[in-house]
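Visitor:
Numbering (the UniProt record's numbering), first residue to last: 1 to 302.
1) Taking just the CA atoms, how far does residue 161 sit from residue 214?
2) Exposed or buried, residue 169, counting other C-beta atoms within 10 Å across all chains shown (16 or more means buried)?
3) Suppose you measure from the CA of residue 33 to the CA of residue 55; what does that come to, to the nearest Å?
4) Using the Cα positions of residue 43 and residue 164, report the straight-line distance between them to the nearest angstrom.
5) Going by the beta-carbon positions, is the gap between residue 158 and residue 221 smaller than 8 Å?
6) Is it the case that the stretch 99-111 contacts the stretch 59-74, given that we only count it when at least three CB pairs across the two stretches are under 8 Å?
7) Measuring only the C-alpha atoms, how far is residue 60 from residue 276?
8) Where does residue 195 land, buried or exposed, given buried means 16+ other C-beta within 10 angstroms?
9) To the nearest whole angstrom, what separates the beta carbons of residue 130 and residue 236, a pair I think is in contact under 8 Å?
10) With residue 193 and residue 226 assumed to form a contact (beta carbons below 8 Å), what rounded beta-carbon distance in angstroms separates them?
11) Please report how far the alpha carbon of residue 283 lies from the alpha carbon of residue 198, in whole angstroms.
12) Please report how far the alpha carbon of residue 182 lies from the alpha carbon of residue 218, in whole angstroms.
13) Rank 100, 103, 88 by C-alpha distance to the C-alpha of residue 132 and give the top, closest one.
14) Which residue comes first and which comes last in the alpha helix (DSSP H) that contains residue 46?
15) Please work out which residues of its chain come closer than 7 Å, Cβ to Cβ, to residue 209, disregarding the five sequence neighbours upstream and downstream, and give them in chain order.
16) State buried or exposed for residue 287, treating a residue as buried only when at least 16 other CB atoms are found within 10 Å of its CB.
17) State buried or exposed for residue 156, treating a residue as buried only when at least 16 other CB atoms are found within 10 Å of its CB.
18) Are residue 232 and residue 93 close, meaning C-beta to C-beta below 8 Å?
19) Going by other Cβ atoms of all chains shown within 10 Å of its Cβ, with 16 needed for buried, is residue 147 buried or exposed?
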């Protein structure tokens, strides 16, 4: 009996192995099966701790800046999420920015860089606010410097923990971006300027993916600093004409800078900033920068 039981046991084990192999090939839909890779959170425990640590450090710095701000009715202040919110915020901040310009700029820069670093939506409203309160020229300078600093912080944050997140959220887009970067290594700055000037790829994706595809920081920094100027100008030219004579009262200049922009009261939506004509201009500027790279590739293939 024992000799007959042994072959049966061995036969049953072999059948179970074959069935298990077939399940692995055909896919196991049982609840106990492993989840697909894309369904699992991409960060390891160490990366989660590192990201929370960086967020805590930035938050502590932002809170320290808040403690240095002069007293004000902060209950009326909130991050704008619409044009109507922006108009109300501009009215509340107008006199405060006039009385405490240095403290206001410090707080504005801290919030802008914090939002840009941690990919918090709403920086376009912060850019609109800069144009409304400071005028076109100073607003443009403020926005470009803050956007560059925030994008640089996001670059280094992505260098620390970004690879699994970007690979998880945008695998196809990341492969496309990596292939394009590999083809344009010799004219990388021109290509990055094209991406920054035109809306070909979202700035959020560029900030996160750049360190992953091995774009050097100096190329990333220069492309961001220069490439954000056209789009930032389009944003800050919307200003608060007729609100509190912001530019002249705060800095002793004339209000003629405001005449170069648009009245904030006439703006109905953020989409109004980027009409077809504006997008064509951005792509034309971007094409000028990428032209040397295209011409060089043409000579190589000839």
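Idealized CB from N, CA, C, for every residue including glycine.
Predicted model, so just to flag it, every value in this text is computed and none were measured.
Guide: A quick look at the data gives this:
1) 14 Å
2) exposed
3) Because the pLDDT at residue 33 is just 42, under 50, the model does not fix this residue reliably, and the value given afterwards should be weighed accordingly. If I take the Cα positions, the gap works out to 35 Å.
4) 6 Å
5) no
6) yes
7) 42 Å
8) buried
9) 6 Å
10) 6 Å
11) 5 Å
12) 17 Å
13) 88
14) 45-68
15) 166, 174, 177
16) exposed
17) exposed
18) no
19) buried
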